[in-house]
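> With the sequence shown counted from 1, adding 9 to any position gets you our numbering.
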Amino acid sequence: MNDGVNGVALGVFIFFFVLVTAMGFLAARWRKAENEHSLDEWGLGGRSFGTWVTWFLLGGDLYTAYTFVAVPAAIYAAGAAGFFAVPYTILVYPLIFTFLPRLWSVSHKHGYVTTSDFVRGRFGSKGLSLAVAVTGILATMPYIALQLVGIQAVLDVMGVGGGEDTNWFIKDLPLLIAFGVLAAYTYSSGLRAPALIAFVKDTLIYIVIAVAIIYIPIKLGGFDDIFAAANDKFTESGNGGLVPNHGGQWTYATLALGSALALFMYPHSITATLSSRSREVIRRNTTILPLYSLMLGLLALLGFMAIAAGVKVENGQLAIPQLFENMFPDWFAGVAFAAIGIGALVPAAIMSIAAANLFTRNIYKDFIKPDATPAQETKVSKLVSLLVKVGALVFVLGMDKTVAINFQLLGGIWILQTFPALVGGLFTRWFHRWALLGGWAVGMVYGTIAAYGVASPTQKHFGGSSDEIPGIGEIGYIGLTAFVLNVLVTVVLTFVLRAVKAPDGADETKPSDYTADAGDPGVQVELPPATAGSSH
10 MNDGVNGVAL
20 GVFIFFFVLV
30 TAMGFLAARW
40 RKAENEHSLD
50 EWGLGGRSFG
60 TWVTWFLLGG
70 DLYTAYTFVA
80 VPAAIYAAGA
90 AGFFAVPYTI
100 LVYPLIFTFL
110 PRLWSVSHKH
120 GYVTTSDFVR
130 GRFGSKGLSL
140 AVAVTGILAT
150 MPYIALQLVG
160 IQAVLDVMGV
170 GGGEDTNWFI
180 KDLPLLIAFG
190 VLAAYTYSSG
200 LRAPALIAFV
210 KDTLIYIVIA
220 VAIIYIPIKL
230 GGFDDIFAAA
240 NDKFTESGNG
250 GLVPNHGGQW
260 TYATLALGSA
270 LALFMYPHSI
280 TATLSSRSRE
290 VIRRNTTILP
300 LYSLMLGLLA
310 LLGFMAIAAG
320 VKVENGQLAI
330 PQLFENMFPD
340 WFAGVAFAAI
350 GIGALVPAAI
360 MSIAAANLFT
370 RNIYKDFIKP
380 DATPAQETKV
390 SKLVSLLVKV
400 GALVFVLGMD
410 KTVAINFQLL
420 GGIWILQTFP
430 ALVGGLFTRW
440 FHRWALLGGW
450 AVGMVYGTIA
460 AYGVASPTQK
470 HFGGSSDEIP
480 GIGEIGYIGL
490 TAFVLNVLVT
500 VVLTFVLRAV
510 KAPDGADETK
520 PSDYTADAGD
530 PGVQVELPPA
540 TAGSSH
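(1) Cβ atoms of Phe127 and Val115: under 8 Å apart, would you say?
(2) So for Gly68, helix, strand or coil by DSSP?
(3) Please confirm if Ala317 has its CB atom under 8 Å from at least one CB of chain D.
(4) Is it buried or exposed, Thr387, if we count other Cβ atoms within 10 angstroms and call 16 or more buried?
(5) DSSP has Ile484 in a bridge; who is on the other side?
(6) Quick one: is Val498 buried, meaning 16 or more other Cβ sit within 10 Å of its Cβ, or exposed?
(7) Quick check on this structure: which residue in Asn15, Val505, Asp526 and Glu483 has the alpha carbon closest to the alpha carbon of Gln258?
(8) Do you know offhand how far Glu535's Cα is from Pro379's?
(9) Kindly indicate the opening and closing residues of the alpha helix (DSSP H) around Ala142.
(10) Thinking just about the alpha-carbon of each residue, which of Gly231, Leu112 and Arg56 is nearest to the one in Lys519?
(11) Can you list, in chain order, the residues of its chain with a C-beta nearer than 6 Å to that of Thr63? Leave out the 5 residues immediately preceding and following it.
(12) Between Leu67 and Ala281, is the Cβ-Cβ spacing less than 8 Å?
(13) Can you grab the Cα-Cα spacing for the pair Val3 / Arg288, in whole Å?
(14) Do Ile329 and Leu311 have their CB atoms nearer than 8 Å?
(15) My output table needs one value for Leu536: the three-state DSSP class, helix, strand or coil.
(16) Using the Cα positions of Ala525 and Arg56, report the straight-line distance between them to the nearest angstrom.
(17) By DSSP, does Phe492 sit in helix, in strand, or in coil?
(18) Which residues mark the beginning and the end of the alpha helix (DSSP H) in which Gly16 is found?
(19) Give the straight-line distance between the Cα atoms of Phe416 and Pro512, rounded to the nearest whole angstrom.
(20) With DSSP as the reference, label Phe337 as helix, strand or coil.
(21) One question on the structure: do Phe93 and Tyr224 come within less than 8 Å of each other, judged by their Cβ atoms?
(22) Measure from the alpha carbon of Ala37 to the alpha carbon of each residue in Met150, Ala202 and Val14, then state which is nearest.
(23) Going by C-alpha to C-alpha distance, which of Val143, Leu305 and Ala18 sits closest to Tyr97?
(24) What's the C-alpha gap between Gly448 and His117?
(25) Where does Ser57 sit, in a helix, a strand or coil, going by DSSP?
(26) Of all the alpha helix (DSSP H) runs that stay within the bounds of the stretch 192-243, which reach a length of 4 or more residues?
(27) Between the stretch 339-354 and the stretch 14-27, can you find at least three pairs of beta-carbon atoms closer than 8 Å?
(28) Just to confirm my understanding: we take Thr263, look at its own chain, exclude 5 residues before and 5 after, and list those with CB closer than 7 Å. What are they?
(29) If I follow the unbroken alpha helix (DSSP H) through Ser116, where does it start and stop?
(30) Just to confirm, is the Cβ distance from Tyr194 to Ser394 under 8 Å?
(31) Going by DSSP, which residues form a beta bridge with Ser285?
(32) Could you tell me the alpha carbon to alpha carbon distance between Leu307 and Ala221, rounded to whole angstroms?
(33) Between Phe77 and Ala187, what straight-line distance do the alpha-carbon atoms span, to the nearest angstrom?
(34) Pull up the CB-CB distance for Thr124 and Thr427, whole angstroms please, since I reckon it's below 8 Å.
(35) Please report how far the alpha carbon of Gly52 lies from the alpha carbon of Gly199, in whole angstroms.
(36) May I ask which residues mark the beginning and end of the alpha helix (DSSP H) holding Gly434?
Following this line, the structure appears as structure tokens:
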């Protein structure tokens with residue numbers, strides 16, 4: 010790592026950072042709304058985005074600094090087991106093709122802004138809606154923190170902020186500036202800011218990956234030498250080479266499947282989805298988004314390249330920024346660092362907006378101020394989006410950076426427990442609202458306790474997301490085990506509650522709502538009066 014600041018790389022990084030900052034503030038005038046004091050406008054971009062804007066927005070939302078830093082870092086540290094992110098992004102698109110268009114239709118019909126809005130309307134339960142909202146906020150916080158860790162990794166490699174002995178304020182000042190700018194343009198422009206910036210972010214990422222996958226192997230002697238060096242490293246370390254052993258295969262498969270089920274349960278994924286202007290836009294995007302999975306497979310190979318290049322870092326999350334620093338000319342290293350930095354800003358903005366929407370619609374409006382006006386909702390959501398970012402920043406500055414990925418994986422365990430209520434509710438009303446709440450509680454408790462008991466060389470608790478699967482004896486993803494328990498409890502309790510004729514909530518939706526499109530008669534994008542103050 011450089012002893013001093015890489016001035017050329019820093020200059021290029023600052024150029025792109027200033028560019029996207031200007032775009033972030035100018036986005037407030039892009040597709041300017043007639044009524045700016047509306048959560049639909051600030052939090053969903055007016056539900057007006059077409060195919061390409063949605064594609065870039067979802068790509069910028071799903072393929073984040075986590076993608077650029079943590080996926081190849083996992084491969085750098087653990088070998089081919091880190092490739093789990095590639096099959097899970099392949100699995101997810103056929104899955105979401107079945108339910109995202111239905112969610113878009115019913116949300117557009119009734120003016121739902123969040124998944125909790127839908128759950129409340131479908132099952133007539135504010136308690137279940139609150140559980141989904143709280144889970145979404147909790148799961149999103151460490152995900153935002155991970156984006157800030159990505160920015161910090163780039164700044165560390167460029168030598169910005171001084172060494173470990175530098176005053177904490179001076180050391181963290183660049184990250185504080187980046188955070189302040191992000192907070193300001195998100196507050197000002199809402200979802201339009203990351204939607205516009207995503208064009209720059211994705212273009213830079215594709216350029217960097219295309220260059221890296223050709224240029225770096227040429228400098229390292231080709232892929233044969235790269236794989237040989239990686240295999241030697243993992244053989245010497247006792248990992249048995251590149252491919253996981255039999256026990257590792259269970260972990261790999263369950264983590265990939267569980268992650269695929271969880272990805273579009275995250276609030277930011279749904280926020281980007283609901284911002285599109287038609288049901289057909291969603292269907293098109295589920296067919297073209299796999300292009301990003303191709304990029305992800307190539308990106309993951311950077312972990313092996315870092316090994317072959319002799320990159321040595323104590324924190325694996327610095328491996329890829331350091332690889333770029335070592336292998337690229339300074340100016341192009343700056344471009345690569347900008348791609349990572351912007352790759353953190355876009356999803357962090359969307360995530361903070363999504364978490365703020367959940368708080369505003371499903372906590373503030375449902376339980377604190379049921380008669381809140383659209384302008385009051387928008388104001389509260391803007392303020393909460395700032396608080397969410399502050400919480401993520403405190404997490405990054407106050408904790409060991411190596412734990413960020415494990416807390417994000419814990420968030421994945423939590424968010425997966427909302428799957429039965431959301432996806433189940435899109436296809437059937439059979440599940441009882443209290444049974445869904447009971448299943449959610451069992452999944453959350455089991456998943457949290459199991460994850461708490463996992464230790465790692467650097468952490469006594471929450472050291473990973475895999476543990477022994479009860480009844481099978483293999484090591485697997487805790488989130489998937491918790492999900493299975495969740496579903497079992499939900500099904501059993503539903504039978505019991507239906508047998509005793511427990512009171513069921515009112516369903517404000519009807520079958521035709523799930524196939525409605527923007528141009529259909531009666532489709533609206535406003536909160537129905539029945540939802541505003543009703544507890545069903």
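By construction, the Cβ of each residue, glycine as well, lies at the ideal position given by its N, Cα and C atoms. Everything numeric in this text was worked out from a predicted model, so none of it was measured.
Judging by the given coordinates:
(1) In contact: Val115 and Phe127 (Cβ atoms closer than 8 Å).
(2) Helix.
(3) Here chain D cannot be found, since the structure has a single protein chain.
(4) Residue environment for Thr387: buried (at least 16 other C-beta atoms within 10 angstroms of its C-beta).
(5) Looking at the DSSP assignment, Ile484 forms a beta bridge with Glu477.
(6) Result: buried.
(7) Taking Gln258 as reference, the option from Asn15, Val505, Asp526 and Glu483 with the minimal CA-CA separation is Glu483.
(8) Confidence is the limiting factor: at Glu535 the pLDDT is only 44, short of 50, which leaves the residue's position unreliable, though a coordinate-based value still follows. Approximately 15 Å between the Cα atoms of the pair.
(9) Counting along the chain, the unbroken alpha helix (DSSP H) around Ala142 starts and ends at Lys135 to Met167.
(10) That would be Leu112, whose Cα lies nearest to the Cα of Lys519.
(11) Cβ neighbours of Thr63 beyond the five flanking positions: Ser285, Val290 and Asn294.
(12) Contact flag set, yes.
(13) Since the displayed the chain opens at 10 and closes at 545, residue 3 lies outside it and no answer follows.
(14) With respect to the 8 Å criterion, Ile329 and Leu311 are classified as neighbours on the basis of their beta carbons.
(15) The pLDDT assigned to Leu536 is 44, lower than 50, so where the model puts this residue is not dependable; a value taken from the coordinates is nonetheless given after this. In the structure shown, Leu536 sits in coil (DSSP, three-state: anything other than H, G, I, E or B).
(16) Cα-Cα distance, rounded: 15 Å.
(17) In the three-state scheme derived from DSSP, where H, G and I count as helix and E and B as strand, Phe492 is classed as helix.
(18) Unbroken alpha helix (DSSP H) run through Gly16: Gly16 to Leu35.
(19) When rounded, the distance between both Cα atoms is 38 Å.
(20) Reduced to three states, the DSSP call for Phe337 is coil.
(21) In this structure, Phe93 keeps its C-beta atom at 8 Å or more from the C-beta atom of Tyr224.
(22) The shortest C-alpha to C-alpha distance from Ala37 to any of Met150, Ala202 and Val14 is the one to Ala202.
(23) Closest in C-alpha terms to Tyr97, from the list Val143, Leu305 and Ala18, comes Leu305.
(24) Note on geometry: alpha-carbon atoms of Gly448 and His117 lie some 28 Å from one another.
(25) The answer is coil: DSSP assigns Ser57 none of H, G, I, E or B.
(26) Unbroken alpha helix (DSSP H) runs of no fewer than 4 residues, entirely contained in the stretch 192-243, are found at 201-229, following chain order.
(27) Look at the beta carbons and you see the stretch 14-27 touching the stretch 339-354: at least three pairs across the two are nearer than 8 Å.
(28) Gly485, Tyr486 and Leu489, listed in sequence order.
(29) Segment Ala94 to His119, the alpha helix (DSSP H) holding Ser116.
(30) Against a cut-off of 8 Å, the Cβ pair of Ser394 and Tyr194 comes out as no contact.
(31) Per DSSP, Phe58.
(32) The straight-line gap from Cα to Cα measures roughly 9 Å.
(33) When rounded, the distance between both Cα atoms is 18 Å.
(34) Confirmed, Cβ separation roughly 7 Å.
(35) In this structure, the CA atom of Gly52 is about 6 Å from the CA atom of Gly199.
(36) Gly434 -> alpha helix (DSSP H) spans Phe428 to Phe436.
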